[in-house]
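J.:
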Amino acid sequence: MANPVNSKALLHSKWTKVVVDHKEKHFEIVTVLFNDNQQIEKCVIQAVMTNKLYDIDWHDLKNDQIWIIGWN
């Protein structure tokens, strides 16, 4: 089943990574930039544990094999 993702509600949303790397499990979307056509140009997610920032393709958040909505 795919995660329902609303591009307009992404900012500050919380996510849990299914496969944990480097003790980074919980994340928050900290930047969402839109172009003139209101399509997402850039999405940045931050690891809660390490504060590291990662550019991601926001479409990947729809994949429930990679991401779970919320902090689990």
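Under our numbering, the first residue of the sequence shown carries the number -8, and numbering increases by one thereafter.
Think of the CB as a built atom: it goes at the ideal place given N, C-alpha and C, for glycine as much as any other residue.
Quick caveat, the model's predicted, so the values are computed rather than measured.
#1: Could you pull the DSSP bridge partners for W58 from this structure?
#2: Could you spell out where the beta strand (DSSP E) holding H17 opens and where it closes?
#3: For V10, collect the residues of the same chain with a Cβ closer than 8 Å to its Cβ; drop the 5 residues on either side in sequence, then sort them by chain order.
#4: Rounded to the nearest angstrom, how far is the Cβ of N(-6) from that of L52, given a contact under 8 Å?
#5: For K64 versus E15, is the C-beta distance shorter than 9 Å?
T.: Quick look at the numbers:
#1: Walking along the sequence shown from the start, residue 58 turns up at place 67. According to DSSP, W58 bridges with K8.
#2: Start at 1 with the first residue of the sequence shown, and residue 17 comes out as number 26. Unbroken beta strand (DSSP E) run through H17: 15 to 25.
#3: Translated into the one-based positions of the sequence shown, residue 10 becomes position 19. These residues qualify, in order along the chain: I57.
#4: The count along the sequence shown starts at 1 and reaches residue -6 at position 3. The count along the sequence shown starts at 1 and reaches residue 52 at position 61. So it is a contact: roughly 6 Å between Cβ atoms.
#5: The shown model of the chain, from -8 to 63, leaves out residue 64, and the question about it has no answer.
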